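In my numbering, the protein residues as written are 13 to 620. We put the beta carbon where it would ideally sit given N, CA and C, even for glycine. Note that this is a predicted model, so its numbers are computed, not measured. Heads up, the thing below is written out as structure tokens.
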Ligand code: M6R
């Protein structure tokens, strides 16, 4: 969702701000803006793409050696220039990510003090509040600290002032914010990708931190406003992962990066030569030792990874496992069990619903928490006792692809680790599972090679309004994921059902205009799936079947078949998701939608 970048340097920062905002575009936004200090405060804001705002800044000849920038995804107030950030009050300009819950009370109070509001945003309240506190004479940092102490809600803030042209102040609570350390220049950003061209040395601010940046240094202050030392990390985000290279879209690139992403993610397992607790953190042996059950919490695609893992955790590790959408779990009266393992899954590590579900679980006394996440040092892993980082690399396309398959790999490793701790994994089985993991990148590559056939199907889907996806058992979540991918990027309405459920209602939808996609691996449920296919065919439905090469499945009238590679056993869902990802990608391409930035969606969903 919203993104922040800021720089204080001995050079013109406008190109740095614009470049940073472009790198934040993937998060989703509908307007952008910059404000710089050069004598006074100059601001440029536009709705639409960053490129439009950049053109306006160039036309207006805006240059300065300190400034802040923002991409806004509208929450409070519509998509208008006056609601875009930065917001100005007196001599200060400010950008904000997050939501201020007590903005209405503060607005009334500030109006009573004589402040006039130009926008409908909650953010403008903060700008006026800082200006109000500046009048007490303590300087910009003090004014920021006083203002945030009166706010309720979530914020990452960066503020500059006409009257203090040599410093920038920032604050963080509930939203990610990091400081980048350069040589004679310093930066702030909500996401390391925004500043990685200038520096890789970063400090991740902690909850309640404020900080002051000058060209020559950074001082961080903790919750009590005392100076604190924070660890400096060196980010390993590669520039290549942030750029398209020879691909047309990030989604296409990320689909094709899956063999590499999986190979990188299993590296730790291979290094350990087995499924050991240490894969999940230093005190994992103690935390995982006698868990009574597993509760998985996640949203969207990450939730479907959890649904897949349930089949493994119950089947292989013999542990009861529930999977719940985070935004539902956080608002119900869950029964606490201190021996239950809470597993949150999140590509971004920032998803607010997942974070709040985790906090809720902890508030119930659930201390055994594990996060499976793709973004180092993001909020959810930081709030969890155990962490396993997937190594998918930066995922830019809004539609999650390589994050999903690497999450599945991590969850499979967790399953095997739990099974081993519970004495349910003998050496021979462990060796077999390790071998299957080792072969997985090659199996994925085989599935990727099906692209020309999948593209031909996608061209037929492009004119459809609806589609059904069917799967059974551990492949039912893959059908769900296929339907989600198709609807989010091609805007074709798609639903997924367990194939056996069709006759209990959805069969009424089936006619010649409704394509039905079936995931049909060569597993113990194959014969059942074949019967379900007959049920659809008998009603004139057109079938599109992804069947393992060794499933003995041939095309017939109204039944199109793409032969996926031989059945790979327990890891089959990870292979079968590849063709449905490609189907969605090519259907979207054929329909001419914005594949990487589908309408109304954001990459990191940091609001409720
Ligand atoms: O970053 P997260 O994994 O927590 O994100 C969860 C969902 O918002 C995300 O998976 C979303 O459903 C994707 N756009 C699906 O492609």
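Every alpha helix (DSSP H) stretch that sits fully inside the region 469-506 and reaches 4 residues is listed by chain position as 488-502. Here the alpha carbons of residue 164 and residue 278 stand approximately 42 Å from one another.
Per DSSP, reduced to three states, the secondary structure at residue 290 is helical. Remark: the C-beta of residue 314 is in contact range of the ligand M6R, defined as less than 7 Å to any heavy atom. Residue 88 carries a coil assignment under DSSP once its states are collapsed to helix, strand and coil. Listed as beta-bridge partners of residue 334 by DSSP are 307. Bridge partners of residue 36 according to DSSP: none are assigned. Spatial neighbours of residue 115 in its own chain (CB-CB distance under 6 Å, excluding positions within 5 residues in sequence) are listed in chain order as 134, 137.
About 7 Å separates the beta carbons of residue 408 and residue 608, which is inside the 8 Å limit, making them a contact pair. Rounded to the nearest whole angstrom, the CA to CA distance from residue 186 to residue 577 is 45 Å. Residues 17, 32, 192, 199, 201 of the same chain have their beta carbon placed closer than 7 Å to that of residue 207, with the five preceding and five following residues left out of the count. Spatial neighbours of residue 620 in its own chain (CB-CB distance under 7 Å, excluding positions within 5 residues in sequence) are listed in chain order as 364, 365. In the three-state scheme derived from DSSP, where H, G and I count as helix and E and B as strand, residue 184 is classed as strand. Under DSSP, the beta-bridge partners assigned to residue 233 are 222, 239. Of the residues 579, 549, 570, 455, the one whose Cα lies closest to the Cα of residue 562 is 579. Distances from the CB of residue 366 to the heavy atoms of the ligand M6R include at least one below 7 Å. Sixteen is the threshold: since fewer than 16 other Cβ atoms of the shown chains lie within 10 Å of the Cβ of residue 516, the residue is exposed. Of the residues 117, 204, 105, 126, the one whose Cα lies closest to the Cα of residue 175 is 105. About 18 Å separates the CB atoms of residue 476 and residue 593; that is not less than 8 Å, and the two are not in contact. Annotation note: the region 44-105 contains the following uninterrupted alpha helix (DSSP H) runs of length 4 or greater, listed N- to C-terminal: 62-71.
It is roughly 38 Å from the alpha-carbon of residue 252 to the alpha-carbon of residue 152. Within a 10 Å sphere around the beta-carbon of residue 597 sit 16 or more other beta-carbons, which makes this residue buried.
Between residue 82 and residue 98, the gap from beta carbon to beta carbon is short of 8 Å. Shown here, residue 514 sits in a helix according to DSSP, grouped into three states. Of the candidates 122, 142, 150, 90, 90 places its Cα closest to the Cα of residue 131. The beta-bridge partner set that DSSP reports for residue 198 consists of 20, 193. Looking only at 113, 618, 443, the smallest Cα-Cα distance to residue 392 is reached by 618. The closest CA to that of residue 591, considering only 212, 495, 195, 183, is found on 495. In the three-state reduction of the DSSP assignment, residue 340 falls in the helix class, which pools H, G and I. Beta-bridge pairing by DSSP links residue 555 to 528, 571. For the options 481, 128, 256, 300, the alpha carbon positioned closest to that of residue 526 is the one of 481.
Relative to the ligand M6R, the beta carbon of residue 363 is positioned inside 7 Å of a heavy atom. Put simply, of 214, 180, 540 the residue whose alpha carbon is nearest the alpha carbon of residue 389 is 214. With fewer than 16 other beta carbons inside 10 angstroms of its own, residue 343 counts as exposed.
In the DSSP assignment, residue 385 is bridged to 358, 401. Within 7 Å of the C-beta of residue 359 there is at least one heavy atom belonging to the ligand M6R.
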